[in-house]
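Numbered by full-length UniProt numbering, the letters in the sequence shown go through residues 1 to 437 in order.
Ideal Cβ positions, reconstructed from N, Cα and C, are used throughout, including at glycine.
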Amino acid sequence: MIGRKAWAGLEAGRSGTGRSLSETSPIPDIGAGPGSKRERSSVWGRGWVGREAGPGCPRPQSSPPPQDAGSRCRFGFRGLSGAVMVARTAMDLEHGGGSRRVRGRRRLAFPAHRLQNREAGPLVVQYIGEICRYLLKQPVREAEGRHRVRLAVGNGLRPSIWEEFTERFGVRQIGEFYGATECNCSIANMDGKVGSCGFNSRILPHVYPIRLVKVNEDTMELLRDAQGLCIPCQTGEPGLLVGQINQQDPLRRFDGYISESATNKKIAHSVFRKGDSAYLSGDVLVMDELGYMYFRDRSGDTFRWRGENVSTTEVEGVLSRLLGQTDVAVYGVAVPGVEGKAGMAAIADPLGQLSPNALYEELQKVLAPYARPLFLRLLPQVDTTGTFKIQKTRLQHEGFDPRQTSDRLFFLDLKQGHYLPLDQGVYTRICSGAFAL
Numbered sequence: 001m002i003g004r005k006a007w008a009g010l011e012a013g014r015s016g017t018g019r020s021l022s023e024t025s026p027i028p029d030i031g032a033g034p035g036s037k038r039e040r041s042s043v044w045g046r047g048w049v050g051r052e053a054g055p056g057c058p059r060p061q062s063s064p065p066p067q068d069a070g071s072r073c074r075f076g077f078r079g080l081s082g083a084v085m086v087a088r089t090a091m092d093l094e095h096g097g098g099s100r101r102v103r104g105r106r107r108l109a110f111p112a113h114r115l116q117n118r119e120a121g122p123l124v125v126q127y128i129g130e131i132c133r134y135l136l137k138q139p140v141r142e143a144e145g146r147h148r149v150r151l152a153v154g155n156g157l158r159p160s161i162w163e164e165f166t167e168r169f170g171v172r173q174i175g176e177f178y179g180a181t182e183c184n185c186s187i188a189n190m191d192g193k194v195g196s197c198g199f200n201s202r203i204l205p206h207v208y209p210i211r212l213v214k215v216n217e218d219t220m221e222l223l224r225d226a227q228g229l230c231i232p233c234q235t236g237e238p239g240l241l242v243g244q245i246n247q248q249d250p251l252r253r254f255d256g257y258i259s260e261s262a263t264n265k266k267i268a269h270s271v272f273r274k275g276d277s278a279y280l281s282g283d284v285l286v287m288d289e290l291g292y293m294y295f296r297d298r299s300g301d302t303f304r305w306r307g308e309n310v311s312t313t314e315v316e317g318v319l320s321r322l323l324g325q326t327d328v329a330v331y332g333v334a335v336p337g338v339e340g341k342a343g344m345a346a347i348a349d350p351l352g353q354l355s356p357n358a359l360y361e362e363l364q365k366v367l368a369p370y371a372r373p374l375f376l377r378l379l380p381q382v383d384t385t386g387t388f389k390i391q392k393t394r395l396q397h398e399g400f401d402p403r404q405t406s407d408r409l410f411f412l413d414l415k416q417g418h419y420l421p422l423d424q425g426v427y428t429r430i431c432s433g434a435f436a437l
């Protein structure tokens with residue numbers, strides 16, 4: 001990976017790149033060449049701190065020449081084939097997408113990430129989901145529609161803002177895709193189906209052998225039939241996305257991670273047929289009757305409350321939309337003596353102007369009772385990674401205990417029908433079972 005000094009030197013044709021590169025370590029000769037099967041790149045997942053990966057831990061991924069995401073996926077979006085294109089990305093070089101560009105912007109800065117002008121601007125821009133939401137938060141500018149962009153390509157664009165984004169900025173087509181550096185079940189939405197992250201044929205499913213299979217909703221364990229095979233999901237039924245492994249096929253092989261134990265945890269056997277192997281994506285998707293797929297949840301991002309499964313992704317989308325695309329993190333927290341996990345929402349409120357009860361009035365209109373957050377945490381900003389992914393680990397650990405944070409906390413008193421400030425006294429009463437949950 002290129003260091004920040006070298007990255008700064010790449011900006012806008014600035015001089016000094018040679019000097020910056022001379023300060024870095026020499027590039028070792030790894031002997032890779034045509035036909036080499038040796039590792040070409042390693043992508044370090046978010047939050048990796050050098051320990052061996054375990055369940056729920058990001059892992060460093062190794063990619064041989066025919067295997068990385070850039071080589072594996074070629075998108076033929078309509079109206080773009082054969083064109084000489086200028087593409088713009090705001091991704092850091094350590095991001096899988098940013099590392100495949102020669103030149104980019106240092107950071108996402110809203111004047112800098114404008115779609116630019118018709119004469120010299122890009123035809124294609126790259127996004128990750130939160131970028132689109134951040135752009136929608138910016139004040140409307142007269143110049144924002146003066147551009148040449150035909151396609152915005154990326155992943156994670158929420159269905160709740162999809163059409164708002166395309167209409168406001170005049171982007172002709174969204175090229176939403178699903179994939180990861182190491183996975184063998186990448187899919188792409190090539191015809192702009194709103195909300196879809198990709199497509200696979202229902203008529204000829206064996207041409208690209210990926211499948212949604214049933215899992216235990218609490219443990220994410222694969223469910224199997226009487227023959228010991230995984231059970232395929234029906235239309236509209238959420239399931240875990242898996243891809244059949246064939247090490248002789250560059251599109252279907254799985255080379256895994258540096259850690260052998262981490263690699264083994266991502267492989268299941270006897271999935272499609274007896275004795276085969278399949279890659280476990282860890283993500284829950286839904287397929288419609290035409291074959292379009294829609295992202296539902298990342299495993300571990302769903303919690304159970306009042307006998308119902310609550311999708312943190314869906315609740316975050318609703319809250320963010322109600323609050324003008326504000327950063328929101330939704331997660332489940334354990335309450336002593338109560339089964340399941342209660343919903344808690346951490347909301348960025350830097351000016352301290354959010355009214356919990358005004359928000360609750362809106363939530364009653366759009367969320368089922370079991371999906372409404374029982375706890376609120378209002379904080380200056382929500383922790384994110386360098387690529388704007390919400391980080392929840394610290395928030396989940398601190399829970400709703402007022403001794404763990406100085407942020408404003410609120411509790412939904414169901415009997416009174418409004419949020420109460422959550423101080424130590426209220427916390428004690430909740431833990432003792434004084435409130436009906």
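Please report the residue range of the alpha helix (DSSP H) in which residue i lies.
| i | result |
| --- | --- |
| tyrosine 360 | 356-366 |
| alanine 262 | 260-265 |
| arginine 133 | 129-137 |
| glycine 425 | 424-432 |
Considering only the beta carbon of each residue, do residue i and residue j sit closer than 8 Å?
| i | j | result |
| --- | --- | --- |
| residue 442 | phenylalanine 400 | For the chain, the structure presents residues 1 to 437; residue 442 sits outside this window and is missing. |
| glycine 192 | isoleucine 210 | no |
| serine 355 | arginine 133 | no |
| leucine 374 | glycine 425 | no |
| methionine 293 | cysteine 185 | no |
| valine 366 | isoleucine 347 | no |
| tyrosine 370 | arginine 306 | yes |
| leucine 378 | aspartate 349 | yes |
| leucine 280 | lysine 266 | yes |
| leucine 437 | valine 310 | no |
| glycine 156 | glycine 121 | no |
What's the C-alpha gap between residue i and residue j?
| i | j | result |
| --- | --- | --- |
| phenylalanine 410 | leucine 395 | 15 Å |
| arginine 148 | proline 139 | 21 Å |
| threonine 263 | tyrosine 257 | 5 Å |
| glutamine 244 | glycine 340 | 34 Å |
| proline 380 | arginine 304 | 28 Å |
| residue 443 | glycine 195 | The structure shown does not extend to residue 443, since the chain is modelled only from 1 to 437, so the question has no answer here. |
| threonine 326 | aspartate 407 | 17 Å |
| glycine 275 | leucine 136 | 49 Å |
| leucine 241 | lysine 214 | 9 Å |
| leucine 290 | glycine 433 | 48 Å |
| arginine 298 | glycine 282 | 6 Å |
| glutamine 353 | valine 382 | 16 Å |
| tyrosine 427 | phenylalanine 435 | 10 Å |
| phenylalanine 254 | leucine 212 | 18 Å |
| aspartate 288 | alanine 278 | 22 Å |
| glutamate 144 | arginine 202 | 40 Å |
| glutamine 248 | alanine 180 | 20 Å |
| threonine 405 | glutamate 163 | 38 Å |
| alanine 169 | glutamine 416 | The sequence shown places phenylalanine at residue 169, not alanine. Those two C-alpha atoms are separated by around 43 Å. |
| glycine 236 | proline 205 | 17 Å |
| glutamate 142 | threonine 166 | 16 Å |
| valine 330 | proline 159 | 17 Å |
| glutamate 308 | alanine 368 | 10 Å |
| valine 338 | cysteine 183 | 38 Å |
| glycine 324 | lysine 389 | 18 Å |
| valine 271 | arginine 403 | 47 Å |
| threonine 384 | serine 261 | 28 Å |
With distances taken Cα to Cα, identify the nearest neighbour of residue i among the options.
| i | options | result |
| --- | --- | --- |
| lysine 392 | Leu437, Ala345, Leu367 and Arg211 | Ala345 |
| leucine 414 | Val382, Gly243 and Ile430 | Ile430 |
| alanine 285 | Glu163, Ile161 and Asn200 | Just to set this straight, residue 285 is leucine in the shown sequence, not alanine. Closest option to leucine 285, Cα to Cα, is Asn200. |
| histidine 418 | Gln234, Gly307 and Tyr360 | Tyr360 |
| leucine 363 | Lys389, Ala334 and Leu412 | Leu412 |
| leucine 376 | Glu221, Thr385, Glu398 and Thr384 | Glu398 |
| valine 171 | Arg146, Pro350 and Glu217 | Arg146 |
| asparagine 357 | Lys265, Ser259, Gly121 and Arg372 | Arg372 |
| phenylalanine 177 | Arg168, Phe169 and Ala188 | Ala188 |
| histidine 269 | Glu142, Glu221, Gly179 and Glu164 | Glu221 |
| valine 207 | Glu217, Asn246, Thr219 and Glu237 | Asn246 |
| isoleucine 161 | Glu260, Met190 and Ile131 | Ile131 |
| valine 333 | Thr302, Gly324 and Asn216 | Thr302 |
| threonine 219 | Gly239, Arg403 and Glu182 | Gly239 |
Heavy atom of the ligand FAD less than 7 Å from the Cβ of residue i, yes or no?
| i | result |
| --- | --- |
| threonine 302 | Of the ligands one can find in the structure shown there are none, so the ligand FAD has no counterpart to examine. |
Answer with yes or no whether the minimum CB distance from residue i to chain E is below 8 Å.
| i | result |
| --- | --- |
| isoleucine 210 | No chain E appears in this structure, which consists of one protein chain only. |
First and last residue of the beta strand (DSSP E) that includes residue i?
| i | result |
| --- | --- |
| histidine 397 | Histidine 397 -> not in any beta strand (DSSP E); alpha helix (DSSP H) instead, spanning 393-398. |
| threonine 326 | Taken as a continuous stretch (DSSP letters only), threonine 326 belongs to no beta strand (DSSP E), as it is neither H nor E. |
| serine 311 | 308-311 |
| tyrosine 419 | 418-421 |
| valine 153 | 151-155 |
Would you say the segment 311-325 touches the segment 222-237, given that touching needs at least three Cβ pairs under 8 Å? no
Between the segment 123-132 and the segment 145-161, are three or more C-beta pairs nearer than 8 Å? yes
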